[in-house]
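Okay, so here's the structure we're looking at.
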Amino acid sequence: MNEVASRIREGDARSLARTATGVENRDPQALETLRELAPFAGGARIIGITGPPGAGKSTLVDVLAAALRKQGKTVAIIAVDPTSRMTGGAILGDRIRMQQHHADSGIFIRSMATRGSTGGLARATADLVRLMDAAGKDYVVIETLGVGQDEVEIAGLAQITVVVLVPGMGDDVQAIKAGILEIADIFVINKSDQPGADRLEIELQHLHKPILRTIATEGTGIEELLQSITNRSLTVAAPIPSRDRQGAVGLDHLGIVVPALDAALAFYQTLGLAVAHRETVATEKVHVALLPAGDSRIELLEPAAPDSPIAKFLEKRGPGLHHVALKVPDLAAAVERLRASGARLLNEPRQGAGGHLYVFVHPASTGGVLLELIQETET
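Following our numbering, the numbering of the sequence shown begins with 11 at its first residue and continues without gaps.
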């Protein structure tokens, strides 16, 4: 481990801040420090706070951090702000709005600019989360830019997503229910002393998620919110029985994102693996190669277009494990059980590479990994 990584592990805030800046600027030394710290990540609880502009997200994060500190927890706050056209930096400066924490070594606050990214996050947000996690923070709280109905990237990064709304949005709930409302693990009605709070809660009840009321400026409801976050299970999916109509649930393949399919295939072929199937899936904008490995397979994924989901994954997280795929005897029955349990499904069952029927389950429901369930085919 290099000296900077060692200092970060020892709690040196200055080294952490400098490395965070380097990670944002894609500095090679900072990225190397991040790689060296990678084995220490995995212990933090990642909380996303999102919602429309003016909902009071910053104030809510401020008082939530204070409540966590009372419990003796360390907190990193990553606040995503608009970009200054003059400097390229964050222009709202959440650190200024959270001055009560400036002398608390147990709270690390970082404002970062979107730098042109959409979705309420910046390109380096995921890397900063990993950095704070590896630095030993108990909680990493991500406050997104004020988002619209389709900007839902926070759900792919946070383990628990809190969507903050305010009274007076009753008419808007129906219009945006297919967007950010569906990613919520917890709803917060902030400024709940204002008219319209009852109506908003009624509009949200059909989504069957916890609904809490807060007045962040007064600290009202914060303890209840923290308790709900603490109690919220990160694995809400009901277990799938080990055997169903046709046979046992088993590992089908590991999905690995690569920047260049041919180069990756050359490596795996040196291990004696041969390509059994190769195609381009137009609906997913991805080139796929399947290599049998024992009773399961390796699925290599190369983006076929700059705007494909795999291209976005590669840009944000780099090459590596994308998902784990399990084959199930009865996909329809499995999907029904998962929905009943409250698991978050990312798509309706549809055909993928090789013609198999599949559905993806969100990492927040599986314990942190994107899970693909595939209909087992009869032999």
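We treat Cβ as the ideally placed atom computed from N, Cα and C, and that holds for glycine.
Given the structure is predicted, the values throughout are model-derived calculations rather than measurements.
Through-space distance from residue j to residue i, alpha-carbon basis
i	j	result
V338	Q169	25 Å
R242	R55	11 Å
A315	T280	28 Å
N12	R45	11 Å
Y368	N357	9 Å
D148	I239	13 Å
E309	G206	50 Å
R24	I119	12 Å
L74	L236	7 Å
S351	P373	15 Å
T293	S375	25 Å
G377	E228	34 Å
V259	T230	47 Å
G52	T224	30 Å
V71	Q204	20 Å
Q39	L355	38 Å
D340	L26	48 Å
R253	A342	For R253, the predicted structure reports a pLDDT of 38, less than 50, and the residue's modelled location is therefore unreliable. A value from the coordinates is still provided. R253 and A342: Cα-Cα distance of roughly 15 Å.
L261	V371	15 Å
E415	A76	Nothing can be reported for residue 415: it is not among the residues displayed for the chain, which extend from 11 to 389.
H366	E386	8 Å
P63	G304	51 Å
T402	T29	In the structure as shown, the chain starts at 11 and stops at 389, and residue 402 therefore has no counterpart that could be examined.
G282	L271	17 Å
P329	K201	43 Å
G265	H333	5 Å
R347	L191	22 Å
A274	A321	16 Å
E234	G178	23 Å
A276	V291	21 Å
F50	K326	20 Å
Reduced DSSP category for residue i - H, G, I as helix; E, B as strand; rest coil
i	result
Q32	Per the sequence presented here, residue 32 reads as Gly, with Gln not at that position. The answer is helix: DSSP assigns G32 an H, G or I state.
E6	This structure does not reach residue 6, given that the chain is present from 11 up to 389, and the question cannot be answered.
Q39	helix
M122	strand
L300	strand
V14	helix
A314	coil
G365	helix
L348	helix
V268	coil
E294	coil
E382	strand
G46	At residue 46 the sequence reads Glu, which differs from the Gly that was named. DSSP places E46 in helix when its eight states are reduced to three.
L406	The requested residue 406 does not occur in the structure, where the chain is confined to residues 11 to 389.
T376	helix
V259	coil
E20	coil
K147	coil
R140	helix
E358	coil
T69	helix
A51	coil
A134	coil
K337	strand
A343	helix
T60	strand
L331	strand
A390	Only positions 11 to 389 of the chain appear in this structure, which leaves residue 390 out of reach.
Check whether residue i and residue j have beta carbons under 9 Å apart
i	j	result
I18	A145	yes
G58	I152	yes
A286	R307	yes
P269	E312	yes
L380	L336	no
S318	V296	yes
G116	K83	yes
A65	L214	no
V267	L167	no
I88	V150	yes
A134	M122	yes
H263	L324	no
D22	R79	no
V85	T154	no
A226	T69	yes
Q: Count the CB pairs spanning the stretch 27-34 and the stretch 136-143 that are closer than 8 Å, and state whether there are at least three.
A: The stretch 27-34 vs the stretch 136-143: in contact.
Q: Tell me, please, whether the stretch 195-209 touches the stretch 217-227 by the rule of three or more beta-carbon pairs shorter than 8 Å.
A: yes
Q | Sequence ranges, beta strand (DSSP E) only - wholly within the stretch 163-246, length at least 3 | A | 170-175, 196-199 and 221-223
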